[in-house]
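Asker: Quick one: structure below, then a few questions.
In the numbering used here, the protein residues as written are 91 to 229.
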């Protein structure tokens, strides 16, 4: 498609990402406990509650919308959510806790600029969640 929506909507902001989950309640509790997010909305879904989990406690105006209908199977490809943390020590602490919980996907590693130092853990549905420091996204 050669046409662009650029400029048509003014300056859009990124507000949410919707994820299909096997158990929305377990996934909402994971993002609350492990990632420091907060549950801000819950409503009845087709077969389980739908949750909005806010990143506002992290200083971000962004929500995850957790929907039922997820499918079990192999872990996603490199699809993942990315969170920045203040230091390598924070990355290491996340990895240590994830290792203890049995949800560590990738040990911490330094991929150099612009990727930085990172680790990846799994949420209850197998979605990957990255924690990194030194990741420069100001291109």
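C-beta atoms are modelled at their ideal positions from N, C-alpha and C, and glycine is treated no differently.
All figures in this text were calculated on a predicted structure; none of them were measured in a lab.
Per DSSP, residue 108 forms a beta bridge with which residues?
Answerer: In the DSSP output, where bridge partners are listed per residue, residue 108 has 155.
Asker: Skipping 5 residues on each side, what residues in its chain have a beta carbon closer than 6 Å to that of residue 135?
Answerer: Closer than 6 Å at Cβ, skipping near neighbours: 158.
Asker: CB-CB under 8 Å to residue 126, same chain, minus the five flanking residues each way: which ones, in chain order?
Answerer: Excluding residues within five positions, the ones whose Cβ falls inside 8 Å are 147, 148.
Asker: If you follow the beta strand (DSSP E) that residue 200 is in, where does it begin and where does it stop?
Answerer: Looking at the DSSP string, the run of the beta strand (DSSP E) that includes residue 200 is 194-200.
Asker: Which of the three DSSP states is assigned to residue 150 in this structure?
Answerer: The answer is coil: DSSP assigns residue 150 none of H, G, I, E or B.
Asker: With a CB to CB cut of under 6 Å and the five nearest residues on each side skipped, what residues in its chain are close to residue 106?
Answerer: Hits under 6 Å: 153, 155.
Asker: Express the C-alpha separation of residue 173 and residue 185 in angstroms, rounding to a whole number.
Answerer: Each residue's alpha carbon lies about 13 Å from the other.
Asker: Cα separation between residue 227 and residue 177?
Answerer: Roughly 16 Å separates the two Cα atoms.
Asker: Where does residue 124 fall in DSSP's three states?
Answerer: Note: residue 124 maps to coil in three-state DSSP.
Asker: Report back the beta-carbon spacing between residue 206 and residue 225 to the nearest angstrom; my notes put them in contact at under 8 Å.
Answerer: Going by Cβ atoms, the distance from residue 206 to residue 225 rounds to 4 Å, so yes, they are a contact pair.
Asker: May I have the straight-line CA-CA distance separating residue 190 from residue 137, to the nearest angstrom?
Answerer: Distance between the alpha carbons of residue 190 and residue 137: 32 Å.
Asker: Nearest to residue 209 by alpha carbon, out of 188, 215, 142, 216?
Answerer: Among 188, 215, 142, 216, the Cα nearest to that of residue 209 belongs to 188.
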